[in-house]
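Trainee: Mind looking over this structure? Questions follow.
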Amino acid sequence: MTAMLNVKDLRAYYGQVQALHGLNFSLNEGSLTTLLGANGAGKTTTLRAICNMVRSTGAIEFDGKPIGTRSTENVVRLGIAHVPQGRGTFTTMTVEENLQLGAITRTDKKNIVADIERMYDHFPKLKERYSQQAGTLSGGEQQMLAVARALMLRPRLMLLDEPSFGLAPLIVRDLFRILGKINREEKVTILVVEQNAQLALELADQAHVIETGRIVMSGNAKDIANNEDVRKSYLGY
Ligand code: ATP
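Residue numbers (UniProt numbering): 1 to 237.
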């Protein structure tokens with residue numbers, strides 16, 4: 001497998017505060033990778049740095065090309081979709097309008113209707129609620145809408161920030177099952193930031209562990225799940 005994303009010596013700053021301290025990792029094309037870490041370790045900042053939403057130095061390469069200096073909009077156009085924490089759907093617009101908006105930068109307008117139908121196949125709840133305002137959906141449905149909207153970009157890489165946040169365990173399982181299916185069927189490479197280490201390691205094939213702005217462990221998700229330090233620190237047994 002070839003590396004789709006390569007992050008080298010990434011340092012990120014909020015004013016004088018340094019949040020990332022020389023982060024190194026890569027993502028293989030087609031992989032489903034989780035980035036695990038405690039509160040404040042730098043998970044959100046890593047995703048923000050890839051999208052150039054925070055000041056950073058170091059190298060970020062997508063398909064071997066440097067993207068570190070591109071604008072956020074430009075990064076999106078390259079095929080990188082970001083689902084930030086807190087979902088961010090347009091609450092006064094309907095489910096279907098949110099999906100249409102997700103495709104706004106696309107030039108292949110004729111495929112959009114079929115893609116919306118495909119999203120409804122992945123997320124049947126959204127089909128039931130297609131004409132409802134997004135703000136009236138449950139938390140889980142809003143998260144699903146946020147993911148579906150990001151997929152309407154037809155991204156090659158999707159970055160997800162804590163999709164399980166605030167959701168009931170059964171809903172999280174359902175969402176993660178769908179993410180696995182999307183990774184396999186739509187061939188979207190996924191990087192998911194999670195506090196829920198147990199579920200994330202079940203879902204992912206690769207994992208990176210971040211501590212105070214540095215990657216301290218990388219590998220196969222199963223091996224990481226069996227690592228004694230990871231079990232003690234993140235899995236609680
Ligand atoms: P969480 O799970 O709590 O979101 P995280 O691993 O995503 O944690 P980040 O949000 O990336 O961590 O934060 C990394 C570091 O950067 C923390 O020390 C945090 O306090 C700091 N930080 C984050 N956002 C800002 C900001 N807007 N201004 C100043 N410091 C910030």
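All C-beta atoms in this analysis are idealised placements derived from N, C-alpha and C, irrespective of residue type, glycine included.
Among the candidates S31, E29, G68, whose CA atom is the shortest distance from the CA of A12?
Mentor: With distances taken between Cα atoms, A12 lies closest to G68.
Trainee: With a 10 Å radius around its C-beta and 16 neighbouring C-beta atoms as the bar for buried, classify Y234 as buried or exposed.
Mentor: Flag for Y234 reads buried.
Trainee: Find out if the Cβ-Cβ distance for the pair H122, I178 is shorter than 8 Å.
Mentor: In this structure, I178 lies closer than 8 Å to H122 by Cβ.
Trainee: Any heavy atom of ligand 1 closer than 7 Å to the beta-carbon of G58?
Mentor: No, the beta carbon of G58 sits no closer than 7 Å to any heavy atom of ligand 1.
Trainee: May I ask you to check if the CB of N28 is nearer than 7 Å to at least one heavy atom of ligand 1?
Mentor: Not so, every heavy atom of ligand 1 lies at least 7 Å from the Cβ.
Trainee: Secondary structure at P155, three-state DSSP: helix, strand or coil?
Mentor: Coil, per DSSP.
Trainee: Using 8 Å for Cβ pairs, my map puts I80 next to L10. What's the rounded Cβ distance?
Mentor: Incorrect: roughly 15 Å between the Cβ atoms, too far for contact.
Trainee: Under the criterion of a Cβ to heavy atom distance below 7 Å, does Q198 qualify as lining ligand 1?
Mentor: No, the Cβ of Q198 stays beyond 7 Å of every heavy atom of ligand 1.
Trainee: So the beta strand (DSSP E) G58 belongs to, where does it begin and stop?
Mentor: Note, G58: beta strand (DSSP E), 55-62.
Trainee: Can you tell me which residues form a DSSP beta bridge with Y13?
Mentor: Partner(s): Q18, R55.
Trainee: Please classify P66 as buried or exposed, where buried requires at least 16 neighbouring CB atoms within 10 angstroms.
Mentor: Exposed, by the Cβ-count rule.
Trainee: Is the beta carbon of T92 closer than 8 Å to that of Y130?
Mentor: Contact flag unset, no.
Trainee: Where I224 and M217 are concerned, what is the direct C-alpha to C-alpha distance, given to the nearest angstrom?
Mentor: Cα to Cα, the separation comes out at about 8 Å.
Trainee: Mind checking which residues open and close the beta strand (DSSP E) that includes V188?
Mentor: Careful: V188 lies outside any beta strand (DSSP E) and carries neither H nor E.
Trainee: For the beta strand (DSSP E) holding E202, just list the boundary residues, first then last.
Mentor: Segment 197-203 is the alpha helix (DSSP H) holding E202; no beta strand (DSSP E) there.
Trainee: Does the separation of the CB atoms of T105 and L145 fall below 8 Å?
Mentor: No, the pair does not count as a contact, with Cβ atoms beyond the cut-off.
Trainee: DSSP puts G219 in a beta bridge; with which residues?
Mentor: DSSP output for G219 lists A207 as bridge partner(s).
Trainee: Please confirm whether any heavy atom of ligand 1 lies closer than 7 Å to the CB of V7.
Mentor: It does not: the Cβ of V7 is nowhere closer than 7 Å to a heavy atom of ligand 1.
Trainee: At the level of alpha carbons, what is the spacing between V76 and C51?
Mentor: Their backbone Cα atoms lie some 8 Å apart in a straight line.
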